[in-house]
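**Q**
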Amino acid sequence: MAGLSLQHPLPFTFGMLGNLISFMVFLAPIPTFYRVYRKKSTEGFHSVPYVVAVFSCILWIYYAYVKTDSILLITINSFGVFIETAYITIYLIYAPKKTRTFSMRIFVLLNVVAFAAIILLTQLLFTGSDRVKVLGWICVAFSVSVFAAPLSVIRLVIRTKSVEFLPFYLSFFLTLSAIAWFGYGLFTKDIYVQQLPNVLGFLFGVAQMVLYIVYKKKKNVVVEPAGIEHIVRIAELAIAPASELQAGIEENDHRKKASEGSTERVEKAKMAAEEGVEIDAV
Numbered sequence: 018m019a020g021l022s023l024q025h026p027l028p029f030t031f032g033m034l035g036n037l038i039s040f041m042v043f044l045a046p047i048p049t050f051y052r053v054y055r056k057k058s059t060e061g062f063h064s065v066p067y068v069v070a071v072f073s074c075i076l077w078i079y080y081a082y083v084k085t086d087s088i089l090l091i092t093i094n095s096f097g098v099f100i101e102t103a104y105i106t107i108y109l110i111y112a113p114k115k116t117r118t119f120s121m122r123i124f125v126l127l128n129v130v131a132f133a134a135i136i137l138l139t140q141l142l143f144t145g146s147d148r149v150k151v152l153g154w155i156c157v158a159f160s161v162s163v164f165a166a167p168l169s170v171i172r173l174v175i176r177t178k179s180v181e182f183l184p185f186y187l188s189f190f191l192t193l194s195a196i197a198w199f200g201y202g203l204f205t206k207d208i209y210v211q212q213l214p215n216v217l218g219f220l221f222g223v224a225q226m227v228l229y230i231v232y233k234k235k236k237n238v239v240v241e242p243a244g245i246e247h248i249v250r251i252a253e254l255a256i257a258p259a260s261e262l263q264a265g266i267e268e269n270d271h272r273k274k275a276s277e278g279s280t281e282r283v284e285k286a287k288m289a290a291e292e293g294v295e296i297d298a299v
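Per my numbering, the sequence shown runs over residues 18 to 299.
(1) Compare the C-alpha of residue 184 against each of 35, 45 and 39 and name the closest.
(2) Taking the Cβ atom as the reference point for each residue, do residue 73 and residue 159 lie within a distance shorter than 8 Å?
(3) If we ignore side chains and look at the alpha-carbon of each, how far apart do residue 200 and residue 132 end up?
(4) Just the C-alpha distance for residue 154 and residue 56, rounded to the nearest angstrom, thanks.
(5) Compute the distance between the beta-carbons of residue 127 and residue 120, then report whether it is under 8 Å.
(6) Three or more C-beta pairs closer than 8 Å, one from the segment 185-196 and one from the segment 213-225: is that the case here?
(7) Give me the Cα-Cα distance between residue 81 and residue 152, rounded to the nearest whole angstrom.
(8) Closest to residue 140 by C-alpha separation, out of 84, 178 and 181, would be which residue?
(9) Between residue 34 and chain B, is the shortest Cβ-Cβ distance under 8 Å, so that the two count as touching?
(10) Name the residue from 136, 112 and 64 whose alpha carbon lies nearest to the alpha carbon of residue 156.
(11) Thinking C-beta only, is residue 219 closer than 8 Å to residue 196?
(12) According to DSSP, simplified to helix, strand and coil, what is residue 181?
(13) If we ignore side chains and look at the alpha-carbon of each, how far apart do residue 34 and residue 68 end up?
(14) For a quick check, are the C-beta atoms of residue 58 and residue 111 less than 8 Å apart?
(15) Considering only the beta carbon of each residue, do residue 98 and residue 71 sit closer than 8 Å?
Right, dumping it as structure tokens:
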């Protein structure tokens, strides 16, 4: 078992590091969901990233099961399924009825229907190493698609010249995670763990840290939309639609306009009062 045995120290070391770092990343949204629990409201959070995270985890568990000798992939992704399901459960408890229904439909569509279809296709149409290859490329394709999230965050940081949406340590740990799992894939000769997902994860992680260093001294202050931290984190695991980020920005714009409108009304009232005083004085 190249991924677990101490007779193969390098893959074992990289695999254990990958498990440890990924464990910390999985726990990153706890403050977000504690806030949901405390306020008894989802505050406009989206459940899709967490639903897709569960799908990603069960895909990798299935891949590890088919490939065999990949116990370290099974352990961390099993924990991922558990913790992401807990997040979704909390979300469903406090979400509005319409949002709750939508989230449950997406969950069933991905984690029941789509996953069952993948199992049937790979089991019925492929055997042996061919099954591993097909399933590996499915996992790679799905993992590559998650990089829409960091691209959205990078674009936002450049546009706003603010790092309010870019937690440095989260980007740092995601980069370390990519390095650890790339090393695990390299030394276990697993090209599907080694190749595109973690190479791109490393590049985007470095890009985010560079942007943080460039813009951290800027004075622009951007009000953080609720739940923004989970958008960055989910880059390692699932698709986080740019609409989430845009919704937060639009909400802030509405608040800003409302505040400006209120200020203008107060100023006009003051001017009218002053003019009235002057007229009376005349």
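Cβ coordinates follow ideal geometry from the N, Cα and C atoms, glycine included. Note that the coordinates shown come from a computational prediction; the quantities given were computed from them, not determined experimentally.
**A** Let me lay it out:
(1) Here residue 184 corresponds to residue number 167 of the sequence shown, with the count starting at 1. It is 45 whose Cα lies nearest to the Cα of residue 184.
(2) As a working mapping, residue 73 is identified with position 56 in the sequence shown. As a working mapping, residue 159 is identified with position 142 in the sequence shown. Against a cut-off of 8 Å, the Cβ pair of residue 159 and residue 73 comes out as a contact.
(3) What you label residue 200 is simply residue 183 of the sequence shown in a count that begins at 1. What you label residue 132 is simply residue 115 of the sequence shown in a count that begins at 1. Taking the straight line from one Cα to the other gives about 28 Å.
(4) As a position in the sequence shown, residue 154 is number 137, starting the count at 1. As a position in the sequence shown, residue 56 is number 39, starting the count at 1. Roughly 42 Å separates the two Cα atoms.
(5) Stepping through the sequence shown from its first residue, residue 127 is reached at position 110. Stepping through the sequence shown from its first residue, residue 120 is reached at position 103. Not a contact, by the Cβ cut-off of 8 Å.
(6) Because the criterion of three Cβ pairs below 8 Å is met, the segment 185-196 and the segment 213-225 touch.
(7) Translated into positions along the sequence shown, residue 81 becomes position 64. Translated into positions along the sequence shown, residue 152 becomes position 135. Roughly 10 Å between the two C-alpha positions.
(8) Numbered from its first residue, the sequence shown carries residue 140 at position 123. Comparing Cα-Cα distances from residue 140 to each of 84, 178 and 181, the minimum goes to 84.
(9) The displayed structure is made up of one protein chain only, and chain B is not part of it.
(10) Here residue 156 refers to the residue found at position 139 when the sequence shown is read from its first residue. The shortest Cα separation from residue 156 among 136, 112 and 64 belongs to 136.
(11) Position 179 of the sequence shown holds residue 196. Position 202 of the sequence shown holds residue 219. Going by C-beta atoms, residue 196 is nearer than 8 Å to residue 219.
(12) By 1-based counting over the sequence shown, the position of residue 181 is 164. Residue 181 falls in the coil class under three-state DSSP.
(13) Stepping through the sequence shown from its first residue, residue 34 is reached at position 17. Stepping through the sequence shown from its first residue, residue 68 is reached at position 51. Roughly 25 Å between the two C-alpha positions.
(14) Sequence index remark: in the sequence shown, residue 58 carries index 41 (1-based). Sequence index remark: in the sequence shown, residue 111 carries index 94 (1-based). Yes, the Cβ-Cβ distance between residue 58 and residue 111 is below 8 Å.
(15) On the sequence shown, residue 98 is found 81 positions in, with the first residue counted as 1. On the sequence shown, residue 71 is found 54 positions in, with the first residue counted as 1. Going by C-beta atoms, residue 98 is nearer than 8 Å to residue 71.
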